[in-house]
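Chemist:
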Amino acid sequence: MIKLILSLSLVLISLDCLAQIDYSKLIIGRNTGTKTLHDGNVTKVFGFTETLNEVTDTPGPTIRVTEGDTVQIDFWNVSQGAPHTIHLHGLDVNQENDGVPHLSFAVNHMDHGYYQFKAPHPGTYIYHCHVVSTIHVQAGMYGVIIVEPSNGSTNTTWVGGETFDRDILLTASEIDTNWHTEAVLDHEHDPANPISVFVPEDYIPQYFLVNGLSETQLADPLNHYTTGANEDIFIRLVNIGYYGVRYVFPVSMNARTILSDGRPLPQDFVNDTIEVLPGERYGTLIQTGTEAFYNVDVEYFNMNTQVVASSQQVTLRTSLASINKLELNLVIYPNPSGNGIFHAVNAFTADYAVYDVDGEMVLKSSEQLIDLSKQKPGMYIIRYQGSAVKLCVQ
Amino acid sequence: MLKSCLAILLFVACSLTHATTIDVRLCIKSGSLTLSGGNSLEVVTYSNTNLFLENSALLVWNLGDVVNLTVVNNDSEEHGFNADGLVSYSTISSGDSSTQTINLSNAGVFRYNDNVNSPFNAYLGLSGIIHVKDPSDLTPYFYWDIREIHSDWNPILTNSGIVNITDYDPDFFTVNGNHNPNINLDTIARVTGNVGVEFKIVLVNNGLSIHSMHFHGYHLFNIDDSRSPAFIGREKDTFPLYPHEHLVLSCTPDKPGEYPVHDHNLVAVTGGQEYATGMFLTLLIAP
Chain B
1 MIKLILSLSL VLISLDCLAQ IDYSKLIIGR NTGTKTLHDG NVTKVFGFTE
51 TLNEVTDTPG PTIRVTEGDT VQIDFWNVSQ GAPHTIHLHG LDVNQENDGV
101 PHLSFAVNHM DHGYYQFKAP HPGTYIYHCH VVSTIHVQAG MYGVIIVEPS
151 NGSTNTTWVG GETFDRDILL TASEIDTNWH TEAVLDHEHD PANPISVFVP
201 EDYIPQYFLV NGLSETQLAD PLNHYTTGAN EDIFIRLVNI GYYGVRYVFP
251 VSMNARTILS DGRPLPQDFV NDTIEVLPGE RYGTLIQTGT EAFYNVDVEY
301 FNMNTQVVAS SQQVTLRTSL ASINKLELNL VIYPNPSGNG IFHAVNAFTA
351 DYAVYDVDGE MVLKSSEQLI DLSKQKPGMY IIRYQGSAVK LCVQ
Chain V
395 MLKSCLAILL FVACSLTHAT TIDVRLCIKS GSLTLSGGNS LEVVTYSNTN
445 LFLENSALLV WNLGDVVNLT VVNNDSEEHG FNADGLVSYS TISSGDSSTQ
495 TINLSNAGVF RYNDNVNSPF NAYLGLSGII HVKDPSDLTP YFYWDIREIH
545 SDWNPILTNS GIVNITDYDP DFFTVNGNHN PNINLDTIAR VTGNVGVEFK
595 IVLVNNGLSI HSMHFHGYHL FNIDDSRSPA FIGREKDTFP LYPHEHLVLS
645 CTPDKPGEYP VHDHNLVAVT GGQEYATGMF LTLLIAP
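Chains B and V, in that order, give the protein sequences. The first sequence runs contiguously to residue 394 in our numbering. The second sequence runs contiguously to residue 681 in our numbering.
(1) The beta strand (DSSP E) spanning B:Asn-239 covers which residue range?
(2) Can you find the residues in the same chain that come closer than 8 Å, C-beta to C-beta, to V:Ser-487, ignoring five residues on each side of it along the sequence?
(3) What first and last residue would you give for the beta strand (DSSP E) that runs through B:Pro-266?
(4) For the alpha helix (DSSP H) that contains V:Ser-492, what are its first and last residues?
(5) Please work out which residues of its chain come closer than 7 Å, Cβ to Cβ, to B:Phe-249, disregarding the five sequence neighbours upstream and downstream, and give them in chain order.
(6) Given V:Phe-567, which residues of its chain have a CB within under 6 Å of its CB, disregarding the five upstream and five downstream residues?
(7) Could you spell out the range, first to last residue, of the beta strand (DSSP E) harbouring B:Glu-182?
(8) Pick out whichever of B:Gln-368, B:Ile-381 and B:Gly-279 has its Cα sitting closest to the Cα of B:Phe-348.
(9) Measuring only the C-alpha atoms, how far is B:Leu-18 from B:Gln-72?
(10) Please classify B:Met-253: does DSSP put it in a helix, a strand, or coil?
(11) If you follow the beta strand (DSSP E) that B:Leu-391 is part of, which residue opens it and which one closes it?
(12) For B:Asp-111, tell me which candidate among B:His-224, B:Ile-28, B:Tyr-384 and B:Gln-20 has the shortest Cα-Cα distance.
(13) Assuming B:Ile-63 and B:Gly-143 make a contact with CB atoms under 8 Å, what is their CB distance in whole Å?
(14) Determine the chain B residues that contact V:Ile-559 at a beta-carbon separation under 9 Å, and present them in chain order.
(15) Taking only the alpha-carbon atoms, compute the straight-line gap between B:His-397 and B:His-128 and give it to the nearest angstrom.
(16) At 7 Å on the CB atoms, spell out the chain V contacts of B:Pro-278, in chain order.
(17) Would you kindly report the start and end of the unbroken beta strand (DSSP E) that includes B:Asn-31?
(18) Which value, in whole angstroms, describes the spacing of the CA atoms of B:Val-132 and B:Val-100?
(19) Please identify the residue among B:Lys-118, B:Tyr-242 and B:Ile-274 whose C-alpha is closest to the C-alpha of B:Val-251.
(20) Can you give the Cα-Cα distance for B:Pro-122 and V:His-658, rounded to whole angstroms?
(21) In angstroms with no decimal places, state the Cα-to-Cα distance between B:Asp-268 and V:Val-569.
(22) So B:Asn-271 contacts chain V; which residues on that side make the cut at Cβ distance below 7 Å?
(23) B:Pro-205 versus chain V: which residues are under 9 Å apart at the beta carbon?
(24) How about V:Pro-564: is its C-beta nearer than 8 Å to some C-beta of chain B?
(25) Go ahead and pull the three-state DSSP assignment for B:Ala-172.
(26) Give, in chain order, every unbroken run of the beta strand (DSSP E) that is at least 3 residues long and sits entirely within the segment 443 to 529 of chain V.
(27) So B:Gln-206 packs on B:Thr-177, CB below 8 Å; how close in whole Å?
(28) For V:Glu-592, decide whether its Cβ has a neighbour in chain B, counting only Cβ atoms nearer than 8 Å.
(29) Look at B:Ala-172 and B:Val-210 and say whether their C-beta atoms are less than 8 Å apart.
(30) Looking at the strands, I want to know which residues DSSP matches up with B:Met-379.
(31) Give a yes or no on contact between the segment 49 to 64 of chain B and the segment 80 to 96 of chain B, applying the rule of three or more CB pairs nearer than 8 Å.
(32) Of all the CB atoms in chain C, is at least one closer than 8 Å to the CB of B:Arg-246?
(33) Quick one, which residues of the segment 428 to 458 of chain V are near chain B if we go by CB-CB under 9 Å, in chain order?
(34) Compare the C-beta of V:Glu-652 against all C-beta atoms of chain B and say whether one is closer than 8 Å.
(35) For V:Pro-634, would you say it is in contact with chain B, using Cβ-to-Cβ distances shorter than 8 Å as the test?
(36) If contact is defined by three or more beta carbon pairs under 8 Å, each pair taking one atom from either stretch, is the segment 555 to 564 of chain V in contact with the segment 417 to 431 of chain V?
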C-alpha cells in the first residue's frame, strides 16, 4: 500500500513537472560527424543533432523559444566517447543547469541529461558542450538559441522594440584540422580528474566559417540569403570561434546595432563594422534596397596579434520578384533618356530622391518631370516611398 | 594566498573625512613566476615589500589622499614608472630610486607600467593596477590583473633580446599571476558574495592579447570602460578587454551557486597546453 502511494506520488510529481514545461527539445550529442570543407577535404567533427538519422554537422540545430517559457532540453549523449554537456551560454541559468561538468553534471554515453531554464530576455544565445570545452567546441559542439518576445512575434526584437521583415543568423567559427585528429578528439577522460586534458600546441585555423561554410561554399548561390527589396532585416551576429570577428556591412545598408548578449544596448550605435569577440552576440538592423546583391565581409583576426587571418563573404540576394513588384509602382518614361529628362506617370505626393551609382543623392523633388539633364550619362536610381527604379541617362 | 597577501597594498584611510599622506615604496625586482604544470619563468615586477612578488603589487588608495611614491630600481636594467592620468617618472637607472608626490584628486582605475622598452617590460611583469577609491564606496571590490605569457619570449627579453610582436603566441594565461585552480585561492581575485549584495570587479589587461571574458550565471553591468566609454551601461555576459585597457563591472547576484568566468577564446583557458589550467576562475555566491 505504501509502495502504491509512493508510486502515485511520484507519478503526480512527474506530471506536475511536465505540466510546467512549455517547450521541450531533444538534442543528441554525437562524435561521429564528418564535415566536407570548401576545398573538398573532409574532417572529423563532433556535433549536436535532433534525430539519430541526420548528418552530424556544425553548427547544431538552432533552437527557438519564447520569452517566459519554461524550456527543457533533453540531452542524449550517443557518442561512445567522453561525457558531454550542454552549457546554456548567456541564459543565466542556475548552477545545476549550467553544464560545467565538475560544477553541475556530465552526461555519459547513452545517458540523458535534462537542462531546464526559463527563457529570459529576447535575444541570441549559444549552447555548447563544456566538457574539455577548448577541444569540444572546436570539434563542433555548438549551436544557437534564439529567444523570441513573449508576445509571440517573430519579427520584433523585443516587446515594444523594433520590427523587422526577417532575421538572419550569422555564426562565425573556425576549424584547425590539427585539432580534429582522433588523437585529439578521442582524448582520455579520467572521471577522477575531469578537467585535465592536453591540447595541441598551436591553434592555427585553416578554415574560417560562417554558419559552418567558407569560401566557395559561401559563394554558392544555394547558400546565399534571399531577402526582399526595401526590407528591414535583423542580423543576429554570433562568434563561437577563438578568433575575433568583424562583420562589415555595405554602407548603404545603414547597419544599426541595438542589442548585445540578449539585452538592448543603452545607446544604439550606427556603424557598418561590428566587432564580435568569442562568445559575444550582437543584434544589428540593416536595410536592403533594390540592389541585386549585398555582400557582407567577415574578417577573422588573431586575438594575440590582431592580424587579420582571413576574410569571408556572405551574400544577401534580393529576390527579383520583390524588385519587380516595386518597379510596378513607379512608371517612368522614356527610359533610357537621351537628354536626361524623364516623366513619371505617377503624381508624387511627397519628395522622391535620385541617387547615382556611388549612392550620392543628385536630385530631391516632387515634380513629375525628373530632370537629370545636368548629370553625366550613366545609371541612376529613383526612390519613392519604398519603390525604386533604375534610370538610364544616355 | 601568501602571494595575494603580499601583492595587496591596501591603505584604508583612518578617517573618511581627512586626507592622509602615505609613503609607498615600490622595488623593481626580477625573479621566478610559477606556472601550471611545475613550469616557471623569469619575470620582473614592482614589489611593495622587501621580497620579490610574482605579480606586481595591487595599489588601492583613497580619493583625497596624498601619496609619496618612491620607486627603487633593484634590477640590472633601467626602468621607469608611469600611470596615465596620475603620474610619470623619468627613467630610473639600475640601483637608483625616484620619488614623486601624487595628489589623489580623481577616483578611478589606473594601469601602471614601465614605459621603458614598451610594451615588453610591461609584458615581463612591470605593470599593475592602481585603484583610487572613493571612501564612501563600500561595495566589495575584486581585482583581476589579466595577462598572458609566451614562454619562449621571457628568456629572450630578460636577456635584452629582441622579439617580433607578430610572432606573439602565448601559452600561459593568468589572473594576478595565478592559474586555475590556484586562482580561486587568491582572495583578491576570487569573488565571494551573497545573493542581493552588489560586488564590483576591476579587470585590467596587462598582457598583449585581447581577452573576451565570459561570465556564467549572471549578466553584469559595465560601469567603467577605458577603451570605449560609450559602452558604459551595457549589460552583458561577455566583455571585450583589450590590451592595456580596463573595465569595472558591477553585479548584484540573484541566485546562489558557483559560476565560472573565463576567456571565451578557449585556448586561453589552457596553460602549457593543459586544459583547464589557464584563465578560468569561479564566482562563489552564498544564499
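Ideal placement from N, C-alpha and C gives every residue a C-beta, glycine not left out.
Modeler: Here's the rundown:
(1) Run containing B:Asn-239: 232 to 239, per the beta strand (DSSP E) assignment.
(2) Counting only Cβ-Cβ distances below 8 Å, and skipping sequence neighbours, we find Asn-467 and Glu-472.
(3) Where B:Pro-266 is concerned, the enclosing beta strand (DSSP E) stretches over 263 to 270.
(4) In the DSSP assignment, V:Ser-492 falls outside any alpha helix (DSSP H) and within the unbroken beta strand (DSSP E) covering 491 to 497.
(5) Setting aside the 5 residues that flank it on each side, B:Phe-249 is surrounded in the same chain by Ala-255, Asp-272, Ile-286 and Val-296, each with a C-beta closer than 7 Å to its C-beta; the list follows chain order.
(6) By the criterion of a C-beta distance shorter than 6 Å, V:Phe-567 is surrounded in its chain by Glu-542, Ala-662, Gly-672 and Met-673, once the five residues flanking it on both sides are discounted.
(7) Careful: B:Glu-182 lies outside any beta strand (DSSP E), inside the alpha helix (DSSP H) at 182 to 185.
(8) Measuring C-alpha to C-alpha distances from B:Phe-348 to each of B:Gln-368, B:Ile-381 and B:Gly-279 identifies B:Gln-368 as the nearest.
(9) Here B:Leu-18 scores only 48 on pLDDT, less than 50, and its place in the model is too uncertain to base an answer on.
(10) B:Met-253 carries a helical assignment under DSSP once its states are collapsed to helix, strand and coil.
(11) Its beta strand (DSSP E) spans residues 387 to 393.
(12) Of the listed residues, the one whose Cα sits closest to B:Asp-111 is B:Ile-28.
(13) Yes, they are in contact, since the Cβ atoms of B:Ile-63 and B:Gly-143 sit about 7 Å apart, within 8 Å.
(14) Result: Thr-305.
(15) What is shown of chain B runs 1 to 394, which leaves residue 397 of chain B out entirely.
(16) Result: Ser-606, His-658 and Asn-659.
(17) Element bounds for B:Asn-31: 23 to 36.
(18) Counting only the Cα atoms, B:Val-100 lies some 10 Å from B:Val-132.
(19) Of the candidates B:Lys-118, B:Tyr-242 and B:Ile-274, B:Ile-274 places its Cα closest to the Cα of B:Val-251.
(20) Taken atom to atom, the span from the alpha-carbon of B:Pro-122 to that of V:His-658 is near 22 Å.
(21) Here the alpha carbon of B:Asp-268 sits roughly 32 Å from the alpha carbon of V:Val-569.
(22) Here the premise fails: no neighbours, minimum Cβ distance about 11 Å.
(23) Within chain V, no residue comes near B:Pro-205; the closest Cβ sits about 11 Å away, beyond 9 Å.
(24) Yes, its Cβ sits closer than 8 Å to a Cβ of chain B.
(25) It is a strand residue.
(26) The segment 443 to 529 of chain V contains these whole beta strand (DSSP E) runs: 452 to 456, 460 to 467, 491 to 497, 502 to 507 and 521 to 527.
(27) The pair is a contact, with the Cβ atoms about 6 Å apart (cut-off 8 Å).
(28) Not closer than 8 Å to any Cβ of chain B, the Cβ of V:Glu-592 fails to qualify, so no.
(29) Cβ distance < 8 Å, so B:Ala-172 and B:Val-210 count as in contact.
(30) DSSP lists B:Cys-392 as the beta-bridge partner residues of B:Met-379.
(31) The segment 49 to 64 of chain B, when compared against the segment 80 to 96 of chain B, does not touch it at the 8 Å Cβ threshold.
(32) This model lacks chain C altogether, as its protein chains are B and V.
(33) Answer set for the segment 428 to 458 of chain V: empty.
(34) Closer than 8 Å: yes.
(35) Put simply, the CB of V:Pro-634 is near chain B, with a gap under 8 Å to one of its CB atoms.
(36) Below 8 Å, too few C-beta pairs join the segment 417 to 431 of chain V and the segment 555 to 564 of chain V to call them touching: fewer than three.
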